[in-house]
Structures are given as C-alpha cells and as structure tokens.
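Residue numbers (the numbering used here): 1 to 298. Take a look at the structure set out below.
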Amino acid sequence: RTLTLCHFAADITTGAFAVVAVSHQTMSCCPPGSEPYLASNYAAKGEKKSITGVEFYSAGTPAEGKKAILIIPDIWGWDSGRTRAFADMLAEKGYYVAVPKLLMPPFEGGTDGDGLPPNFDLGTRGGEMAGWIKPINWPDDTQAKMTALIGFLKEQKITTFSMLGFCYGAYPIAKTIADKSMWKDIGMEIVCAVSPHPSIQIGWGIFGDDKSFLPHVDRPFLLMPAGGDPDDYRPGGEIFEELKKADKSGKTRTMATEFADMNHGWSVRGDITDAAVKAQVDKFIEHMTAWFTEHMPP
C-alpha cells in the first residue's frame, strides 16, 4: 500500500510493508528486523545529472564558496525511501547536495536504475544480494565514482563538504575520508560525517577489505545505531572506539547516539504514519542538522 502525508515541510509518500528478517552473518549489512524497501512518490525538487564517471541526484545550486553535503544512500540506491526528500531539505538550508548512483549495475533493474529492486526480500534473498554487490567494491568501482563526484565539486569551486550515509553508505564515507589523495591532496576539505544505522562492517564482511583504514577516518563522525545494529557502533565497540581515537578535530568528538527502539533502516525507510517511528525520524533530523550546523554551517 502507499501512504501520503506532509512531513519536514515536504510531501513524502511512504509505503508500509511487513518487517522482514535477514541474517546479519549472511549480508554483513542489515541485521534481523531491518526495515524493508519504502516506496516513495515524493515530488523531488532537484534533478538528475550525469558527468563522466558518475550519475547523481543534484539538489540546490552549486556555487563558488558554497558548502556541500554528499548523501551516500543505502542498498536500494539513490531513490530509496526518503533519500531525495532529505537531499532537498538540506538544500533548502543552504547546502549544495548530491546523491551519487553507486550500486551499478543494479540488481534486477534496481530502484530507478540503482541498487536493489523494490520487491527484493532481504530475509529470503540475502545471499543473492551479497553475490551481486561484491564486485561493486571500493578499489574496482566505487572509489572512481566518488572521485568523479568530488572532482565535480571542485570544478564548481566548492572546496568544503561533509557526508551523510545510510546503512551501506557509511562504508564509502569512511573509505573516502581515509583516502586523502581523493580530496585533501587536491585542495578539498571534508569536515564531518553522519550515519544512521551504519554498516561500515560490510567492507570486511562482503568486500574482503581489512580494517586498516579505520585509524585514518579522522573527521568528527556522528553514528546513530539502531537497536539491532552491532555493538561495534556503540561506546566501547571496536569501530566506534577506532573512529573516536582517529578524530583529532578538536571540536565535538566523534560520538554515538543510539536509537534503541528503532529497526535498522528506520531513518530513511521507516513508516512515519507510526507515531513512534515519526518521532524518532524527527529526532534523527534534529541531530543530523545540528551536527552539520555546528561543524559546517551553510
């Protein structure tokens, strides 16, 4: 079914589906009870752009000296749930926002040509997802797309940016921050990052990466683990502690805000006709925008 409502000063259409279970060990991405695909008939205000190396959703107008936010979507890709609504919302606050189309080629056509298709059931087909996404790894594929997008920002004379990543999106964010040749060496600056229900562990869980990049993820990182997410993202957990130790910003240090009553994926795919979910999505937006405003005012 499809549900329409007004939220965050924008019309966002949501679809509510039964929650599915998925083996975290199989996917190394989404734990049991994760939110399924969320349909959206949201009337996006931005536009699709294509440059050499990457396609992306563009919100706001790029301009010299403007601050940018790159949104790295979850496994349903650049039109998953509220992804474009969040992009437009941040653009309205004064940022230039880009959402890259990273998970190419899509699985069975994907969602708007990216990532997984709307009818993909994580609970029964998680193994297929792992087999599909594994070749779309960092050194062979994703790094080049992120490099192209950062190059576009530089061409627009935007030199300062931050990143927001959902689920899988936290992994490309961490890899980008760690690889200074992609941005710092060309005169760019990454300020901070935010990730609700992060899945950095997909790097070694599926892609065969090691953890040696974690000490180089040296920007303030706000992690928002859901109740079923690994303890790695909570204080005392391996990933959280590595990122906190790496952050030498001198500002509000890397921190974790837990959403214990929410399922993995709630921020972008949760059904906000449920008052409890809506309240926690509002809380996510409050924390996210405060983090960006503190570290990188528009």
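By construction, the Cβ of each residue, glycine as well, lies at the ideal position given by its N, Cα and C atoms. Fair warning: this is a prediction, and the values are worked out from it, not measured in the lab.
Residue j beta carbon less than 9 Å from that of residue i
i	j	result
Thr-176	Ala-68	no
Pro-235	Ala-256	yes
Ala-226	Met-262	yes
Lys-180	Gly-53	no
Pro-31	His-264	yes
Gly-151	Val-97	no
Ala-87	Ile-158	no
Tyr-37	Leu-116	yes
Met-288	Leu-164	yes
Phe-207	Leu-223	no
Leu-243	Ala-174	yes
Residue closest to residue i, alpha-carbon to alpha-carbon, out of the options
i	options	result
Ile-72	Glu-64, Trp-138, Ser-195	Ser-195
Tyr-95	Asp-140, Gly-65, Lys-49	Gly-65
Tyr-57	Asn-41, Leu-102, Thr-273, Cys-29	Leu-102
Thr-252	Ser-267, Cys-192, Ala-44, Lys-211	Cys-192
Ile-136	Met-104, Pro-100, Tyr-233, Ile-202	Met-104
Leu-149	Gly-110, Val-99, Ala-130	Val-99
Glu-35	Ser-50, Tyr-42, Gly-81	Gly-81
Asn-41	Glu-258, Thr-142, Thr-83, Asp-274	Thr-83
Asp-218	Met-224, Thr-254, Glu-238, Ile-202	Thr-254
Asp-299	Lys-184, Pro-139, Lys-49	The structure shown does not extend to residue 299, since the chain spans only 1 to 298, so no value can be given for it.
Thr-111	Gly-77, Trp-204, Thr-142, Asp-271	Gly-77
His-216	Lys-49, Lys-245, Ile-272, Leu-153	Lys-245
Beta-bridge partners of residue i, as assigned by DSSP
i	result
Gly-165	Ile-72
Val-54	Ile-51
Glu-294	Looking at the DSSP assignment, Glu-294 forms no beta bridge with any residue, so it has no partner.
Lys-67	Thr-160
Pro-196	Met-224
Ala-59	Val-97
Asp-309	In the structure displayed, the chain extends from 1 to 298; residue 309 sits before or after that span and is not available.
Ile-190	Phe-161
Met-255	Leu-222
Residue interval of the alpha helix (DSSP H) (run including residue i)
i	result
Tyr-96	Premise fails: Tyr-96 lies in the beta strand (DSSP E), 96-100, not in any alpha helix (DSSP H).
Glu-268	Contrary to the premise, residue 268 reads as Val rather than Glu in this sequence. Segment 266-269, the alpha helix (DSSP H) holding Val-268.
Phe-86	83-92
Thr-147	143-155
Gly-203	202-205
Ala-130	122-133
Leu-243	238-246
Lys-175	170-178
Contact belief for residue i with residue j at Cβ below 8 Å, rounded distance in angstroms
i	j	result
Phe-221	Asp-247	7 Å
Asp-114	Asp-79	7 Å
Gly-166	Trp-132	In the sequence under discussion, the amino acid at residue 166 is Phe, which differs from the Gly named in the question. Actually they are not in contact, since the Cβ atoms of Phe-166 and Trp-132 sit about 18 Å apart, beyond 8 Å.
Phe-292	Ser-162	6 Å
Gly-190	Ala-170	A small correction: the amino acid at residue 190 is Ile; Gly does not occupy that position in the sequence shown. At roughly 14 Å, the Cβ-Cβ gap does not stay under 8 Å, so Ile-190 and Ala-170 are not in contact.
Ala-59	Ala-91	4 Å
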